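Peer 1: In the numbering used here, the protein residues as written are 1015 to 1238.
I have a structure here, written as structure tokens, and I will follow up with some questions on it.
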Ligand SMILES: C[S@@+](CC[C@H](N)C(=O)[O-])C[C@H]1O[C@@H](n2cnc3c(N)ncnc32)[C@H](O)[C@@H]1O
């Protein structure tokens, strides 16, 4: 007769839900490097779904790029919208997050993880880029480099989607940070005007965010 039959399959931490673990890891990484991670929490499902809005089902194989996947909050939505012949490259700078992503997506054959900065990524011909980079944390020069790179590696009919957190206008006041943010906004608006931008607010996110959706060559799309 077995009197004590308590079976502990895994320590309590591993019984936590995956999303709780992702949130915890994200927070730890933020505390270690707030400027690179740029946010306390991963994106909500509502935000992730908006970011993939321009992905279209097609018989041809499409090539997508995700930059700054973190713990995969947006990656999951991209994968859900991909067709069987589509592929996804993801570029993540943080080695700990890359380790988590490799484990999480180990069975995903059409996904390739690149552990590097977007600056050092040189593949091209993408049908769509979904970027979660915290652009407002970076220098103006770096943001300009990122935009130039994105539009260089996109196919003529490709889309770019990214987001930025909504912040009170007072932050753009006369501080050094405010001046830098203003220049970054000007740069974003320049690319937005050139590439037929649509901006949508997602309130169901912490903090609320603006999703910015751009087409590289809107005239070409209209002509198809
Ligand atoms: C705001 S988090 C977004 C995470 C996730 N996509 C989400 O929405 O929850 C930004 C991510 O960008 C990554 N990152 C920052 N700078 C990067 C760079 N230069 N190249 C690639 N990834 C970078 C960070 O490590 C982090 O995972």
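Don't be surprised by glycine CBs; every beta carbon is placed ideally from N, CA and C.
As the structure is a prediction and not an experimental result, all values here were calculated from the model.
May I ask whether a heavy atom of ligand 1 can be found less than 6 angstroms away from the beta carbon of residue 1107?
Peer 2: yes
Peer 1: Round the Cβ separation of residue 1056 and residue 1044 to the nearest angstrom and send it over; I've been treating them as touching at under 8 angstroms.
Peer 2: In fact, because the Cβ distance is near 10 angstroms, the residues do not count as touching under 8 angstroms.
Peer 1: Is residue 1080 helix, strand or coil by DSSP?
Peer 2: strand
Peer 1: Is any non-hydrogen atom of ligand 1 found closer than 6 angstroms to the C-beta of residue 1146, if you look at the structure I gave you?
Peer 2: yes
Peer 1: With a CB to CB cut of under 7 angstroms and the five nearest residues on each side skipped, what residues in its chain are close to residue 1136?
Peer 2: Non-local beta-carbon contacts of residue 1136 in its own chain, meaning distances under 7 angstroms to residues more than five positions away in sequence, are absent.
Peer 1: Are the region 1113 to 1130 and the region 1147 to 1154 in contact at 8 angstroms, needing three or more beta carbon pairs?
Peer 2: Put simply, the region 1113 to 1130 does not touch the region 1147 to 1154. Fewer than three CB pairs are less than 8 angstroms apart.
Peer 1: Residues in its own chain within less than 8 angstroms of residue 1178 by CB, not counting five upstream and five downstream?
Peer 2: 1149, 1150, 1202, 1223, 1224 and 1226
Peer 1: Go to residue 1107, then tell me how far its alpha helix (DSSP H) extends in each direction, as first and last residue.
Peer 2: Where residue 1107 is concerned, there is no enclosing alpha helix (DSSP H), given that its DSSP letter is neither H nor E.
Peer 1: Residue 1042 to residue 1169, Cα distance in whole Å?
Peer 2: Residue 1042 and residue 1169 have their C-alpha atoms roughly 37 angstroms apart.
Peer 1: Decide if residue 1181 is buried, meaning its Cβ has at least 16 other Cβ atoms within 10 Å, or exposed.
Peer 2: With fewer than 16 other Cβ atoms within 10 Å, it is exposed.
Peer 1: Can you grab the Cα-Cα spacing for the pair residue 1094 / residue 1074, in whole Å?
Peer 2: 17 angstroms
Peer 1: If I follow the unbroken beta strand (DSSP E) through residue 1174, where does it start and stop?
Peer 2: 1168 to 1179
Peer 1: Might you give, ordered along the chain, the residues of its own chain that have their beta carbon closer than 7 angstroms to the beta carbon of residue 1052, omitting 5 neighbours on each side?
Peer 2: 1148 and 1151
Peer 1: Where do the N-terminal and C-terminal ends of the beta strand (DSSP E) with residue 1215 fall, by residue?
Peer 2: 1212 to 1216
Peer 1: Whose C-beta lies closer than 7 angstroms to the C-beta of residue 1163 among residues of the same chain, with five residues either side of it excluded?
Peer 2: 1132
Peer 1: Please classify residue 1071 as buried or exposed, where buried requires at least 16 neighbouring CB atoms within 10 angstroms.
Peer 2: exposed
Peer 1: Suppose contacts are defined by Cβ-Cβ distances below 7 angstroms. Is residue 1127 in contact with residue 1079 by that definition?
Peer 2: no
Peer 1: Note the first and the last residue of the continuous beta strand (DSSP E) segment covering residue 1220.
Peer 2: Where residue 1220 is concerned, there is no enclosing beta strand (DSSP E), given that its DSSP letter is neither H nor E.
Peer 1: Can you name, in chain order, every residue of its own chain whose Cβ lies under 6 angstroms from the Cβ of residue 1228, other than the five neighbours on each side?
Peer 2: 1174, 1209 and 1211
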